[in-house]
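Note sheet for the following structure.
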Amino acid sequence: MQSPGAIRPAVAGLSPRLLGGYRLQVSRIRLGEASDPAGVAPPPSQRIPTMPSPKKPARNAADRKDAQLDQYRDRPDGEFLTTDQGIRVSDTDNSLKAGERGPTLIEDFHLREKIMRFDHERIPERVVHARGAGAHGFFQVYESQAKLTKAGFLGDPARRTPVFVRFSTVVGSRGSADTVRDVRGFAVKFYTDEGNFDLVGNNIPVFFIQDGMKFPDLVHAIKPNPRKEIPQASSAHDSFWDFVSLTPETAHMVMWVMSDRGIPRSYRMMEGFGVHTFRLINEAGVAQLVKFHWKPLLGTHALVWEEAQQIAGKDADYHRRDLFDAIESGAFPEYELGIQVIPEKDVLKHGFDLLDPTKLLPEEVVPVQRIGKLTLDRNPTNFFSEVEQVAFCVGNVVPGIDFTNDPLMQARLFSYLDTQITRLGGPNFAELPINRPVAPVHNNQHDGFSRQGIPAGMANYSPNSLGDNFPKPATAAQGGFVHYTERVDGTKIRARSDSFKDHFGQARLFLNSLTPVERGHVIDALSFELAKVERLPVRQRVVDAVLANIDAAMAATVAKAVGLTVNAAGPMPKIGKGTGATVGESPALSMIKEPSGSIRTRRVAVLAAAGFVGASMAAVKSGLEKQGVTVEVISSALGPV
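In short: position in the sequence shown from 1, add 24, done, that's this note's numbering.
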């Protein structure tokens with residue numbers, strides 16, 4: 025063994041980190057093992073993510089959004105401390121008093137302002153998706169999609185559209201842990217030349233409910249007990265599983281959340297989905313139905329449950345830190361935008377109703393076309409001003425993209441706009457820097473709390489003659505948004521189509537598409553969750569009315585784990601015309617069967633103790649770094665080893 029003094033030159037630059045504090049923040053691999061335990065071949069070369077750069081590349085000069093935000097950045101270096109009114113402050117440590125031990129004087133405007141501003145720093149957190157992280161980047165389409173849509177950012181391969189992305193958990197409060205079992209939000213704001221387009225999705229392609237009327241009930245059920253405010257960021261409690269047992273349409277989504285998809289390894293290794301069926305409309309007015317997908321170039325990876333629980337206790341910011349550090353190091357996360365395109369006439373052709381948000385369209389039936397790439401290359405300057413104040417609205421679409429009659433989507437069109445008014449203090453939230461379009465804004469919406477613009481027009485109504493009728497509506501040829509013309513005939517009714525009534529077929533499809541290991545993880549997760557349900561009738565109803573209708577063997581295994589036996593499954597719901605599964609399994613739904621990317625950007629721990637061999641350390645470090653791995657040397661104490 026070499027002495028510490030003799031080996032330092034061979035490992036110059038190593039700065040060991042403390043073992044106890046970082047053990048769960050790094051990946052650990054055994055030298056000699058294959059990086060892909062499943063033996064899956066690597067993806068095509070064009071889909072391998074870029075190597076981390078030693079220096080950040082120069083920003084795109086055409087990034088109009090970054091230039092816009094720069095106007096609002098406050099850079100205090102070299103400046104004097106001032107009040108909000110610009111008055112320089114001479115003392116910010118002591119209140120103004122009548123004598124050193126006397127009463128504080130109310131005329132101390134700096135004290136009043138400083139305390140007042142502190143008292144009002146917090147805003148209401150999001151009802152769902154409160155815990156999140158975000159990043160700036162850009163999107164670029166590979167080839168023009170003008171044959172499908174007139175949306176400009178999808179029609180010009182030379183155009184780099186600035187974006188802001190927010191990832192999030194759904195159930196937990198703003199201070200909850202990142203690695204809990206939950207759905208993850210994947211929301212993208214495109215700052216296009218035609219206005220903002222928000223693709224507000226999740227890391228799961230389906231949702232719990234079919235109709236937005238049930239959304240408040242779902243959220244109330246999954247949130248903590250209103251009496252005790254526990255458990256935090258968890259669905260393992262009575263009210264959620266009571267709701268599931270009485271709402272069979274949740275079955276498909278429950279399978280996804282209980283799978284490894286519910287505990288992703290990293291936001292950089294997570295798929296995203298638009299959930300709903302949208303429309304694409306081209307210049308000729310021809311519409312096609314579309315499903316949106318985000319495919320991470322690092323592959324799709326998950327934690328294991330024990331790992332997720334330990335990380336939640338030791339590093340609650342695990343996913344936030346991973347995203348921020350990767351971008352800071354130049355290992356920019358990349359995702360390809362994929363689309364499944366379906367003719368309008370085929371809305372019921374594929375074994376289910378495309379308007380049903382609890383169903384997915386198997387990729388083996390309609391392949392995903394990868395049409396462009398999203399790159400996240402810049403961290404926020406200020407978390408609150410950007411990540412917390414960003415407002416995503418499902419209704420933000422641009423010409424060439426339109427809605428369908430998905431009843432959950434229709435409710436979201438109202439809810440996402442409405443909730444920002446309370447959270448961000450009024451109707452002018454679109455004027456906040458992070459929400460401002462790069463497209464020019466001219467309208468007759470005036471006044472309200474925190475108005476930032478200064479309207480200079482002669483009239484704030486339309487039509488008007490005082491201002492020559494400006495701003496005036498634009499025709500379709502001038503870029504005006506024209507809703508897709510669709511004939512609708514029907515009787516006013518509160519009911520659902522028969523085509524929405526198969527609640528278990530795709531839940532079974534998902535389970536059958538998993539590998540035995542993944543399937544075992546679903547069973548373990550269900551057993552863990554139901555073991556936390558205190559009321560026996562609720563546990564029994566989940567087993568009998570939900571799980572037994574998906575898979576008898578799964579139901580029996582879970583029942584045994586929670587001290588139950590399976591009673592005769594309840595009658596299957598009526599299955600309407602045109603529903604059912606079109607394939608027996610879909611390999612694309614498995615995280616293991618799909619190509620898993622590479623080890624690039626992974627963090628690997630090298631444990632170092634006094635007396636280690638410097639040459640061996642250097643060789644290991646060099647070999648890993650050539651594969652794009654970040655090596656973390658950790659030890660039992662800080663300082664030279």
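We treat Cβ as the ideally placed atom computed from N, Cα and C, and that holds for glycine.
Query	Result
Leaving out the 5 sequence neighbours to the left and right, which residues in its chain are closer than 6 angstroms to P127 when beta-carbon positions are compared?	none
With a threshold of 8 angstroms on Cβ separation, who are the neighbours of D132 within its own chain once the five nearest residues in sequence on each side are excluded?	S119, L120
From what residue to what residue does the beta strand (DSSP E) around S192 run?	185-193
Quick one: Cα of S409 to Cα of Q444, how far?	15 angstroms
Taking the continuous beta strand (DSSP E) assigned at T399, which residues delimit it?	393-402
Identify every residue that forms a DSSP beta bridge with W318.	G296, L361
Quick one: residues in its chain with C-beta nearer than 8 angstroms to the C-beta of Q393, no 5 flanking neighbours on either side, listed in chain order?	G362, I363, Q364, V365
Can you list the alpha helix (DSSP H) stretches of 4 or more residues lying completely in the region 77-131, in chain order?	88-94
Express the C-alpha separation of L648 and V657 in angstroms, rounding to a whole number.	12 angstroms
Going by the CB atoms, is the gap between A245 and F264 shorter than 9 angstroms?	yes
Would you kindly work out how many angstroms separate the C-alpha atoms of D266 and V212, rounded to a whole number?	33 angstroms
Would the beta-carbon of Q530 fall within 9 angstroms of that of L384?	yes
Name the two residues that bound the continuous alpha helix (DSSP H) containing I445.	431-447
Can you give me the start and stop residues for the alpha helix (DSSP H) that Y342 sits inside?	342-353
Please classify L490 as buried or exposed, where buried requires at least 16 neighbouring CB atoms within 10 angstroms.	exposed
Using three-state DSSP, classify S646 as helix, strand or coil.	helix
Does DSSP classify S659 as helix, strand or coil?	strand
For G161, does the three-state DSSP call read helix, strand or coil?	strand
Would you please state the rounded distance, in angstroms, between the beta carbons of V194 and S258? I believe it to be under 8 angstroms.	Rounded, the Cβ-Cβ distance is 11 angstroms, inconsistent with contact.
Determine the direct distance from the alpha carbon of G156 to that of P505, and round the result to whole angstroms.	Inspection of the sequence shows that residue 505 is occupied by Phe rather than by Pro. For F505 and G156, the distance between alpha carbons rounds to 32 angstroms.
Would you kindly work out how many angstroms separate the C-alpha atoms of V165 and D180, rounded to a whole number?	7 angstroms
Compute the distance between the beta-carbons of H466 and P495, then report whether it is under 9 angstroms.	yes
For G161 and D217, which I take to be in contact (beta-carbon distance under 8 angstroms), what is that distance rounded to the nearest angstrom?	Actually they do not touch by this definition, with Cβ atoms about 17 angstroms apart.
Quick check on N452: buried or exposed, where buried means 16 or more other Cβ atoms within 10 Å of its Cβ?	buried
With P240 and V299 assumed to form a contact (beta carbons below 8 angstroms), what rounded beta-carbon distance in angstroms separates them?	Contact doesn't hold; Cβ gap of about 18 angstroms is too wide.
When DSSP labels each residue in this structure, what does R198 get in the three-state scheme?	coil
Give me the DSSP bridge partner(s) of Q312.	L304, P367
Return the Cβ separation of F524 and Q234 in integer angstroms, given the expectation that the two are a contact with Cβ distance under 8 angstroms.	6 angstroms
Taking DSSP as the reference, what is the three-state secondary structure of N452?	coil
Does the region 301-315 come within contact of the region 398-408, defined as at least 3 CB pairs closer than 8 angstroms?	no
Kindly indicate which three-state DSSP category P561 falls into: helix, strand or coil?	helix
On the criterion of 16 or more Cβ atoms from any shown chain inside 10 Å, does R436 qualify as buried, or is it exposed?	buried
Can you name, in chain order, every residue of its own chain whose Cβ lies under 8 angstroms from the Cβ of T116, other than the five neighbours on each side?	L105, H134, K138
Buried or exposed: which applies to Q469, given that a residue is buried once 16 or more other Cβ atoms fall within 10 Å of its Cβ?	exposed
Hey, would you say the C-beta of V655 is under 8 angstroms away from at least one heavy atom of the ligand NAP?	As presented, the structure is devoid of all ligands, the ligand NAP included, so that no description of it is given.
Just grab the DSSP bridge partners of P288 for me.	A326
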